[in-house]
Each structure stands twice: as C-alpha cells, then as structure tokens.
Amino acid sequence: MTTATEPATSATGPATRSVPAPPSAARIARARAVLELRLYVRARQAMIFSFFYPIIMLVIFGSISPADTVEGGVTYVQYFTAGIAATGIILNTFQQLGIRIANERDAGELARLQALGTPAISYLAGKAAQVLVTTVAQLALLVMVARFAFDVPLPVDAAHWLTFAWVTLLGTLAGTALGFAVSLLPKSAKNADTVIVPIALILQFFSGVFFVYSSLPGWMQAIASVFPLKWLTQGMRSVFLPDAAASAEVAGSWEHGLTALILAAWVVVGVAVCARRFRWRRPA
Amino acid sequence: MPAIEISALRKTYDGRAVVHDLDLTIEAGECFALLGPNGAGKTTTIEILEGFRSRDGGQVRVLGHDPAKANRRWRSRIGVVAQSTGAALDLSVAEAVRHFAAYHAAPRPTDELIEAVGLTGKAGTRIANLSGGQRRRLDVALGVQGHPELLFLDEPTTGLDPQARRQLWELVGQLRAEGTTILLTTHYLDEAAQLADRVGVIAGGRLLQVAPTAEFGGELRGGATVRWRAGALVREVVTRTPTALARQLLAETPDGEIEDLEIRRPTLEDIYLELLATASPETAGTAAGDDTAGDDTATDDAAAGRDARDATPGGAAGSTARADGPANRSSEPEPPRQPRAVTRSGS
Chain A
20 MTTATEPATS
30 ATGPATRSVP
40 APPSAARIAR
50 ARAVLELRLY
60 VRARQAMIFS
70 FFYPIIMLVI
80 FGSISPADTV
90 EGGVTYVQYF
100 TAGIAATGII
110 LNTFQQLGIR
120 IANERDAGEL
130 ARLQALGTPA
140 ISYLAGKAAQ
150 VLVTTVAQLA
160 LLVMVARFAF
170 DVPLPVDAAH
180 WLTFAWVTLL
190 GTLAGTALGF
200 AVSLLPKSAK
210 NADTVIVPIA
220 LILQFFSGVF
230 FVYSSLPGWM
240 QAIASVFPLK
250 WLTQGMRSVF
260 LPDAAASAEV
270 AGSWEHGLTA
280 LILAAWVVVG
290 VAVCARRFRW
300 RRPA
Chain B
13 MPAIEISALR
23 KTYDGRAVVH
33 DLDLTIEAGE
43 CFALLGPNGA
53 GKTTTIEILE
63 GFRSRDGGQV
73 RVLGHDPAKA
83 NRRWRSRIGV
93 VAQSTGAALD
103 LSVAEAVRHF
113 AAYHAAPRPT
123 DELIEAVGLT
133 GKAGTRIANL
143 SGGQRRRLDV
153 ALGVQGHPEL
163 LFLDEPTTGL
173 DPQARRQLWE
183 LVGQLRAEGT
193 TILLTTHYLD
203 EAAQLADRVG
213 VIAGGRLLQV
223 APTAEFGGEL
233 RGGATVRWRA
243 GALVREVVTR
253 TPTALARQLL
263 AETPDGEIED
273 LEIRRPTLED
283 IYLELLATAS
293 PETAGTAAGD
303 DTAGDDTATD
313 DAAAGRDARD
323 ATPGGAAGST
333 ARADGPANRS
343 SEPEPPRQPR
353 AVTRSGS
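Given below as structure tokens:
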C-alpha cells in the first residue's frame, strides 16, 4: 500500500489535483473478453444448452433419418446441418447471452461494473468477443461432425466459405445485440429462462430448422420471416446446399441481399434498444 | 475543501419522502458513520452520493462534483462497497482480484490486497464456495483496489463473525491512516465507536443528530444509571449526579454492603436507541431508553444543550423502574430516595 496517491487533504483541491486517467475502454474490453471466455467454459449449463446443443441435435436427427431426402435433391441431414448451424448462433448469442446478462444484473455483477466506472462499450465488446470465439469453435466442430459422421459436403469453394463467414458474422452481431436487448425484458433473472428460451425454441420450429421451411404453413413463414433465425438458416443453406437447391426456396433464390439487409437491420434495432435502455441495475 | 457536501437533499418514492432535507458536510480525511435502522434512508442517501440514484431536491457535491453527472475520472477516485454488488461465482478470489486490477490506473498489488482482507488462505477458492463473510471481505478488497480518495462502506461487517469484523476494522483503520475519507453505514454501534470520527443518526429519512463520536448524545450522555438492590427489589435511578446519589446511599448505609450497587454511563447504543425512540416511537419500539417519557423533543433538547433536570443539584433526573411493560415511566423528577421499586425484569 505504498503506491497511494497524494493525501486526500491536498491543498490544491479536487478540481485541480492530478488524477491518473483510468485505463482505456479497449484495455478493459480485453480483460473482459478473457474473463467472459473463462466464465463461459466454466458455466456447464451454457456449454450444454448453447455450445453442444447443435452438435447433439445433429447427431440425433442425423441418426434417425440418415437416408431421407428433401425437396431440391438434398439429404435431410444436409438441410438440417444448415438449420442447426444457424440455431447454434442464435442460442449462443440471443439465448445464452440474454439469460446470462439478466443473471449478472440480478446478482449485482453489473452494479459492481458500474461502481468501477466500466464503460458499457467495454462490457459489450467483452461479450461480443466471447460470443464470436465460441460461435466459431462451435461451427468448426459442427461442420466436422457433419462432414465425417454424416457425409455432409464442406462448402464447395471460396465463394461459399465467404458466404459462410459473412452470414456467421452478421448473425452473431444481430444475435448479440438482441441478447443485450432481450435481457432487459424479464423483470428478474428468475424469469429470464421462461421469457427467452420459448422465443428461441418456437423460432426454431418456424424458421426451417427441424422442418423444411418451404413446406411450412404460410402464417408460420410470415412470422418467421420477421426474425433473424429464418434468414440465418437460409444463408446457411446457401453455404451447405448445392446451388440448384435454391429453386426449392420459397423465393426461388438464396436472397443474399435481403438476408444481409434484414440481419443488419436487427443489429441496428438491438444496438438502438441497448443504447437507450441498457441498465446496470434492476429497476427498483 | 470538504469531501462531501449535502444541503437540503430530498428523495421521494411515489410521493413519499424517504430522505427529508438532509444537510451534512464530511471533511476530507474524516471517517463518518451513518447509523440508523433498516429503511431509515441510509442506503438511499449513499446511493445518491455514489451517483447511482437521482435526487428530487437539494445540492450534493462529492469530491467537488455533482454525482448525478458522474464521469470515469470522478468514479476512479471513489471506492464503493455496496450491499447490492455480486461477483462471478465461477471465479476464484485471486482471479477476481487480478481481473479487476485492469480497471484501475494504479491498483494495489493483488497478493497484498488479498492478505489485507484476510483471504490469503482462500485465494484459490471459487467465490461460490466462500461464506457470506468471506464474500463481504472480497467486496471490500475490490472496493479499495484502486486507492480511492473517498470510500463508501455500506454495512461492511453485516454477517461477519467477530474475528472477521476486527480484521476489517483494522483494514479500515489502515485506510484512514492513509488519508482516505470514509463514509460508513452500520447497524453496529461498537463499530461506529471504533472507527468513526463523527457519527450521524438517521431515521425516517431525517438526520436526527450529528456529533463527534466522543460527544455523541450531547446531554443524553451526561446521565448515569445507579442501580442497587434492597431486599428483593431492584432500585434504579437515572440521574445526572450519580456521585451525589451514591454519597447519599453510603450515608444511609454506614456499615454493610449496598447490594449489587452499580453505576453505569449510557453506552453509544443506549443513546442511539433513546434518540430513535424520541424521534419516532414506532421506529425503535419499546426497546427505548427510560428517561425521556413525556419529553418528545429530546433531540432539540440535546442540541440546545439545555436540560431542565440540571436545575436541582443532587436530584435525580427522573427515576423509573424496569418493569415488564413500558408503562412505569415518570415524567416528573423524583427525589432520589423514593425510587419506584419493582422486581427485577432481567434487564
């Protein structure tokens, strides 16, 4: 305790005394990214329900109906791989993040960050970094399992890998922004699971994950097409399915432009909600 | 320049005022204890000073700045040990301390800090597996990690065992010696007596009294309780002149013992309870002191430094009996030789 700053009774007064500048937002963001990754790995529930969930589902559904084919001349496993890859992104961002932030707020972890003067952007960046790293790891594992256990072909060329990359990145950002936004919905962390999980689950049924999207009732398609998961699954199909399968889509094409636009719009919505409404503490 | 200046601070919830026109100045380097029952407005006041709550009226300056307009540089000069903060349960103590070091320009060395709060033996333990008291000590460590000029300690020792409390008091003493200004809230009177230069009592959102710890209670401090046993009866007299009473007693008992003779000065706790009781009977209930029934302005009384009971030298201020109920209070000064006698109530 020998590094104390000058005594508090300094004659110069608080207005003029020199206070060392607090560490930069970037430095705190780096520390937070490391911390978030460590905590993610240690939180068993998150690991099972968001990290391994798509892989478990792929193994289950792939084993039940390995030979089934769907419209467009592709196997069901191929179709499902695209859908569950998209689901993994949403679960790892929107669901895992939304629940976790609500829990951190309830436990007073965010109140401590506020007391320490933590820039909100550092907190957000730490979360985004964790989500990006774990999503990439999850997709890598999923693609390997699909390739070697179920003969799902890897993206065929550089253009398809590039699509894979931007769809993943945009989906992760949208999911992260929405995870922050949805964490504001439940009054307490106790309700976080019951608010957030059903949203994610219902969207999986409506968005072409378990069932082929083009064969769903029109009203389900209409609801799903508002939300990001439907566009993520479609984008992933454009990565894992042959180009000819595009004709089996509802629009008859992969709609890359619209996909990018809608995912980007959700990023903007999520960020706008957070910027206006983000809070460190539970409302009194 | 004072560390904290508050004038006419006001906070209302749903039209109900929880802090009324509070005025208080705390000097740099001072340790100030805010005492009060639950719901008195302690935490609300502190959270306004910390910049976590808005206020509905009055002026507040903390380290020369309005906390409602907190910025990072101002925050870096303030340490907060709140009741409402948590830590990631999956981290070990050392991991948490090491992580939060990144938030400060010049953090205290990790090992030294863990040692100072007595958690060295638990450094590798996950926070989830710490006891409540150990978590509280970690809170304190994280609150002082950045060498704050001003430290808010909101009930820092609630739930701590006596040994851990002592350890924490030592740490607070050390921080004071370094010149840290400390604003402490507590339920524990001995804690205030031990740590604070001045104490303030708050109840119902009003500051009832502010005084240096040694002078706290003002006139209330002057009284003493003389108690003895006469046969089966315990007699008890509250008086400002216990020596005179004792002299009388001795004169009346030239030989032999006065059984169970006891002269007791009011403790900080007695004064505190009395203050609360006189301010608002429902605040303190029947746990109140004995001497002020019928005197519903004891606070003003003490503040003004007058005491009508001083007028009769050698006379008791009033005597009462510690009966089972609160009923036997006397508002009239009584001569010392006619104390009302009752059987011992176990007090």
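Here the protein sequences come in this chain order: A and B.
Positions 20 to 303 (my numbering) are the ones given, in order, by the first sequence.
Positions 13 to 359 (my numbering) are the ones given, in order, by the second sequence.
Every residue gets a Cβ at the ideal spot worked out from N, C-alpha and C, and that includes glycine.
query = In three-state DSSP terms, what is S266/A?
reply = Reading the first sequence from its first residue, position 247 is the one you call residue 266/A. Three-state result, S266/A: helix.
message = Comparing C-alpha positions only, which one of A113/B, V249/B and V211/B sits nearest to E281/B?
response = Position 269 of the second sequence, counting from 1, holds the residue named residue 281/B. When each option's Cα is compared against that of E281/B, the closest is V211/B.
message = Let's test the definition: count the other Cβ atoms within 10 Å of the Cβ of Y72/A and tell me whether it reaches 16, buried, or not, exposed.
response = Working through the first sequence from its first residue, we reach residue 72/A at position 53. By the neighbour-count rule (16 or more Cβ atoms within 10 Å), Y72/A is buried.
query = Excluding five sequence neighbours on each side, which residues of the same chain lie with their C-beta closer than 7 Å to the C-beta of K134/B?
reply = On the second sequence, position 122 is the one that residue 134/B refers to. Excluding sequence neighbours, K134/B sits near V105, L142 and Q146.
request  = Locate the beta strand (DSSP E) running through V74/B, then write down its first and last residues.
outcome  = In the second sequence, counting from the first residue as 1, residue 74/B sits at position 62. It spans G69 to V74 - the beta strand (DSSP E) in which V74/B sits, taken as one unbroken run.
task = State the DSSP-derived secondary structure class of I270/B, mapped to helix, strand or coil.
result = Here residue 270/B corresponds to residue number 258 of the second sequence, with the count starting at 1. Reduced to three states, the DSSP call for I270/B is coil.
inquiry  = Please report whether the beta-carbon of I118/A lies at a distance below 8 Å from any beta-carbon of chain B.
reply    = Numbered from 1 along the first sequence, position 99 holds the residue referred to as residue 118/A. Not one chain B Cβ lies under 8 Å of I118/A.
request  = Classify W273/A as helix, strand or coil using the three-state DSSP reduction.
outcome  = The residue given as residue 273/A occupies position 254 in the first sequence. Reduced to three states, the DSSP call for W273/A is coil.
request  = Below 8 Å on the Cβ atoms is my guess for A267/A versus S233/A; work out the distance and round it to an integer in Å.
outcome  = Position 248 of the first sequence holds residue 267/A. Position 214 of the first sequence holds residue 233/A. Rounded, the Cβ-Cβ distance is 6 Å, consistent with contact.
query = In three-state terms, what does DSSP make of D202/B?
reply = Within the second sequence, numbered from 1, the residue matching residue 202/B stands at position 190. Reduced to three states, the DSSP call for D202/B is helix.
message = Counting only C-beta atoms, is V152/A closer than 8 Å to chain B at any point?
response = The sequence position of residue 152/A within the first sequence is 133, counting from 1. For V152/A, the answer is no, since every Cβ of chain B falls outside 8 Å of its Cβ.
query = What do you get for A333/B, buried or exposed, if any count of 16 or more other CB atoms within 10 angstroms of its CB means buried?
reply = Looking up residue 333/B in the second sequence gives position 321. A caution first: A333/B carries a pLDDT of 38, below 50, which makes its placement in the model unreliable, though a value can still be read off. So A333/B ends up on the buried side.
key: Alpha-carbon to alpha-carbon, I242/A and A296/B   = The residue labelled residue 296/B in the question sits at position 284 within the second sequence. The residue labelled residue 242/A in the question sits at position 223 within the first sequence. Residue placement at A296/B is poorly supported in this model, since its pLDDT is 41, which falls under 50; the coordinates still yield a value, given next. Their backbone Cα atoms lie some 59 Å apart in a straight line.
task = Using the Cα positions of L75/B and W86/B, report the straight-line distance between them to the nearest angstrom.
result = Start at 1 with the first residue of the second sequence, and residue 75/B comes out as number 63. Start at 1 with the first residue of the second sequence, and residue 86/B comes out as number 74. C-alpha separation (whole angstroms): 8 Å.
ask   = Is the shortest distance between the beta-carbon of V92/B and the beta-carbons of chain A less than 8 Å?
value = Walking along the second sequence from the start, residue 92/B turns up at place 80. True, the Cβ-Cβ gap to chain A drops below 8 Å.
task = Kindly say whether T97/B, judged by its beta-carbon, lies nearer than 8 Å to any beta-carbon of chain A.
result = Along the second sequence, one-based indexing puts residue 97/B at 85. True, the Cβ-Cβ gap to chain A drops below 8 Å.
task = Could you pull out every residue in the same chain whose Cβ sits closer than 6 Å to the Cβ of A315/B, ignoring the five residues on either side in sequence?
result = Counting from 1 along the second sequence, the entry for residue 315/B is found at position 303. Confidence in A315/B is poor, its pLDDT being 34 and thus under 50, which makes the residue's placement unreliable; the coordinate value appears in the next sentence. Counting only Cβ-Cβ distances below 6 Å, and skipping sequence neighbours, we find nothing.
message = Only counting the same chain, and skipping five residues up and downstream in sequence, which positions put a Cβ closer than 6 Å to that of A147/A?
response = The sequence position of residue 147/A within the first sequence is 128, counting from 1. Non-local C-beta neighbours of A147/A in its own chain, meaning closer than 6 Å and more than five positions away in sequence, comprise T195, ordered along the chain.
Contacts of T137/A in chain B (Cβ-Cβ under 8 Å) = Numbered from its first residue, the first sequence carries residue 137/A at position 118. Listed along chain B, the residues sitting closer than 8 Å to T137/A by beta-carbon distance are Y115.
request  = Quick one: list the residues of chain A neighbouring F112/B, beta-carbon separation under 9 Å, in chain order.
outcome  = Position 100 of the second sequence, counted from the first residue, corresponds to residue 112/B. Here the neighbours are A50, R131 and L135.
inquiry  = Please report the distance separating the alpha-carbon of W181/B from that of H159/B.
reply    = Along the second sequence, read from residue 1 onward, the residue named residue 181/B stands at position 169. Along the second sequence, read from residue 1 onward, the residue named residue 159/B stands at position 147. Each residue's alpha carbon lies about 17 Å from the other.
query = Do you know whose CA, among V60/A, V258/A, P261/A and A40/A, lies nearest V152/A's CA?
reply = Locating residue 152/A in the first sequence gives position 133, counting from the first residue. Measuring from the Cα of V152/A, the nearest candidate turns out to be V60/A.
message = Along the stretch 224 to 252 of chain B, where does the CB come closer than 7 Å to a CB of chain A? Name the residues.
response = none
inquiry  = So for S19/B, helix, strand or coil by DSSP?
reply    = Counting from one through the second sequence, the residue named residue 19/B turns up at place 7. The answer is strand: DSSP assigns S19/B an E or B state.
Spatial distance of T252/A from G227/A (CA atoms) = Against the first sequence, residue 252/A aligns to sequence position 233. Against the first sequence, residue 227/A aligns to sequence position 208. The alpha-carbon atoms of T252/A and G227/A are separated by roughly 7 Å.
Three-way DSSP call (helix, strand, coil) for G254/A in this model = Here residue 254/A is taken as the residue at index 235 of the first sequence, counted from 1. Note: G254/A maps to helix in three-state DSSP.
Under 7 Å from the C-beta of L220/A: neighbouring residues of chain B = For the purposes of this step, residue 220/A is taken as residue 201 along the first sequence, with counting starting at 1. Within chain B, no residue comes near L220/A; the closest Cβ sits about 26 Å away, beyond 7 Å.
query = chain A partners of E62/B, CB-CB under 8 Å?
reply = As a position in the second sequence, residue 62/B is number 50, starting the count at 1. A134, listed in chain order.
message = Once DSSP output is grouped into helix, strand and coil, what is the label at P138/A?
response = Indexing the first sequence from 1 puts residue 138/A at position 119. Correct three-state label for P138/A: coil.
query = Quick one: what does DSSP say Q14/A is sitting in, helix, strand or coil?
reply = Any answer about residue 14/A is impossible in this case: the structure gives chain A only from 20 up to 303.
task = With a threshold of 16 other CB atoms inside 10 Å of the CB of A40/A, please say whether the residue is buried or exposed.
result = As a first step, residue 40/A is located in the first sequence; it is residue number 21 there, counting from the start. A40/A is exposed by the Cβ-count criterion.
ask   = In its own chain, which residues sit with a C-beta less than 7 Å from the C-beta of G27/B, not counting the 5 before and 5 after it?
value = Along the second sequence, read from residue 1 onward, the residue named residue 27/B stands at position 15. Excluding positions up to five away in sequence, the list is empty.
query = Would you say L143/A faces chain B, with C-beta separation under 8 Å as the test?
reply = Counted from its first residue, the first sequence places residue 143/A at position 124. Judged by the 8 Å Cβ criterion, L143/A is not in contact with chain B.
task = With H111/B as the anchor, note down where its beta strand (DSSP E) starts and where it stops.
result = As a working note, residue 111/B is residue 99 in the second sequence. It is not in any beta strand (DSSP E) - H111/B instead sits in the alpha helix (DSSP H) that spans V105 to A113.
ask   = Any Cβ of chain A within less than 8 Å of the Cβ of L195/B?
value = Indexing the second sequence from 1 puts residue 195/B at position 183. With 8 Å as the cut-off, L195/B does not count as an interface residue toward chain A.
ask   = Any idea if N50/B is buried or exposed, counting beta-carbon neighbours within 10 angstroms, 16 or more meaning buried?
value = Sequence index remark: in the second sequence, residue 50/B carries index 38 (1-based). Flag for N50/B reads exposed.
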